[in-house]
Amino acid sequence: MAYQRSQFVILSSRLDEPRRFIQVVAGPRQVGKTTLVQQVCEASGLPVQIASADEPTLRGAEWIAQQWEIARLMQGERGAVLVLDEVQKVSGWSETVKRLWDEDTRKKRPIKVILLGSAPLLIQRGLSESLAGRFEILHLPHWSAEEMRLAFGWTVQQSIFYGGYPGAVSLIGDHDRWVRYVRDSLIETTLSRDVLLLSRVDKPALLRRMFELGCRYSGQILSYTKMIGQLQDAGNTTTLAHYLELLGAAGMLTGFPKYAGEAMRSRGSSPKLQVFDTALLSALSGYRFDEAQADREYWGRLTESAVGAHLANAAAAGKC
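Going by this note's numbering, the letters in the sequence shown line up with residues 209 to 528, in that order.
See below:
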């Protein structure tokens with residue numbers, strides 16, 4: 209039997225309830241959002257229509273209407289489930305979802321809807337614009353060390369170095385292949401299709417360099433002024449702060465503000481850079497697993513980053 213994350217129980221119970229809210233499963237790429245939803249839908253016994261908008265060419269609002277109509281045709285006495293993956297990629301998606309959801313509400317159609325998205329900030333913007341009061345969010349973070357132990361038998365040391373991406377587990381025996389997977393399928397895909405494709409970024413090369421800088425200094429405090437000194441054509445601190453926000457929304461890199469009693473002092477402080485998953489750091493470090501452990505100074509910083517990543521994911525999920 210496939211491993212079930214704790215969010216399985218939460219989403220299953222919500223799906224068993226009478227139709228009330230659109231369920232939004234939000235989180236970074238490759239953390240198992242689609243797998244979780246498939247497990248829940250299979251357990252529900254309801255007819256399910258699953259469709260993904262994660263294509264190089266952006267889909268239009270009519271595509272959502274087509275998928276919705278398929279779900280309506282599939283519904284039985286208990287209704288049906290419509291799952292739309294990467295829905296934020298569709299232009300005007302929130303208005304279309306609102307119209308169709310309200311139409312089903314008026315006509316008492318028991319169509320339950322689950323939306324999935326890789327970029328929490330982007331999907332929240334669409335939700336707040338048109339769907340206020342109609343949804344619940346279930347945040348799905350990177351896998352914890354405990355989850356990796358239970359699902360794959362990993363040691364703490366493996367989780368510290370390889371992070372929490374279940375799709376990469378089978379590749380750790382071939383380090384070079386694992387690095388290529390993390391760089392190409394996780395880092396590059398997230399930057400190009402979750403950040404650059406959907407947000408205005410005037411300097412894409414700067415965004416990439418800032419991500420690499422953040423990985424290098426993960427777990428350390430670095431002022432925006434020092435970042436400007438290390439990044440070519442960095443512009444101003446406002447640009448860097450905005451790019452850090454975009455990277456955080458995509459579940460890649462964030463900056464912890466200094467704890468202060470006054471909110472203004474906290475916001476104006478130098479951020480402590482922190483990756484959301486140490487796989488991102490390890491894949492760019494040049495170290496192999498055994499080499500990283502042999503370098504005690506580096507391993508100490510990596511361990512600190514692993515602890516910080518755990519806290520960052522807990523904070524993103526509202527647990528701390």
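Just so it is clear, CB atoms sit at the ideal spot from N, CA and C, and this is done for glycine as well.
(message) If you reduce the DSSP assignment to three classes, tell me which class V390 lands in.
(response) helix
(message) On the CB-based measure, 16 or more other CB atoms within 10 Å of its CB, does M472 come out buried or exposed?
(response) Model confidence at M472 stands at a pLDDT of 44, short of 50, so the residue's coordinates are unreliable and nothing is read from them.
(request) Please state whether DSSP places E337 in a helix, a strand or coil. (result) helix
(message) What does the alpha-carbon distance come out to for the pair L414 and Q366?
(response) 31 Å
(message) Looking at the secondary structure, which residues open and close the beta strand (DSSP E) in which F229 lies?
(response) Per DSSP, F229 belongs to no beta strand (DSSP E) and is neither H nor E.
(message) Would A279 and Q257 be called neighbours here (beta carbons separated by less than 7 Å)?
(response) yes
(message) Less than 8 Å between C-beta atoms, sequence neighbours within five positions excluded: which residues of the same chain meet that for S474?
(response) With a pLDDT of 47 at S474, under the threshold of 50, the modelled position of this residue cannot be trusted; read the value that follows with caution. Result list for S474: P465, K466, Y467, A468, in chain order.
(request) Select from V217, S378, E225, E294 the residue whose C-alpha is nearest the C-alpha of M356. (result) S378
(message) So, for G459: in the same chain, excluding its five sequence neighbours on each side, which residues have a beta-carbon less than 6 Å away from its beta-carbon?
(response) P236, F484
(message) Quick check on P412: buried or exposed, where buried means 16 or more other Cβ atoms within 10 Å of its Cβ?
(response) exposed
(message) Out of W301, F369, K241, which one is the CA nearest neighbour of Q337?
(response) The amino acid occupying residue 337 in the given sequence is Glu; Gln does not appear at that position. Ranking the options by Cα distance to E337, first place goes to W301.
(request) Let me know the alpha helix (DSSP H) ranges lying completely inside the segment 467–514, each 4 residues or longer, listed in chain order. (result) 471–475, 486–493, 497–502
(message) Please state the DSSP three-state secondary structure of H383.
(response) helix
(message) Measuring only the C-alpha atoms, how far is S513 from T486?
(response) 7 Å
(request) Count the other CB atoms, across all protein chains shown, that sit within 10 Å of the CB of A517; report buried if there are 16 or more and exposed otherwise. (result) buried
(message) Let's test the definition: count the other Cβ atoms within 10 Å of the Cβ of S221 and tell me whether it reaches 16, buried, or not, exposed.
(response) exposed
(message) Looking at the strands, I want to know which residues DSSP matches up with T462.
(response) Q482
(request) Find out if the Cβ-Cβ distance for the pair L461, L455 is shorter than 7 Å. (result) yes
(message) Nearest by alpha-carbon distance to R286: which of P318, L489, D310, W271 is it?
(response) P318
(request) Could you tell me whether the Cβ atoms of L323 and V232 are closer together than 7 Å? (result) yes
(request) For S214, count neighbouring C-beta atoms within 10 Å of its own C-beta (all shown protein chains included) and say buried if the count is 16 or more, exposed if not. (result) exposed
(request) With distances taken Cα to Cα, identify the nearest neighbour of A500 among Y370, T242, Y451, G361. (result) Y370
(message) With distance defined between alpha-carbon atoms, name the residue in P374, L335, W362, G341 nearest to P349.
(response) P374
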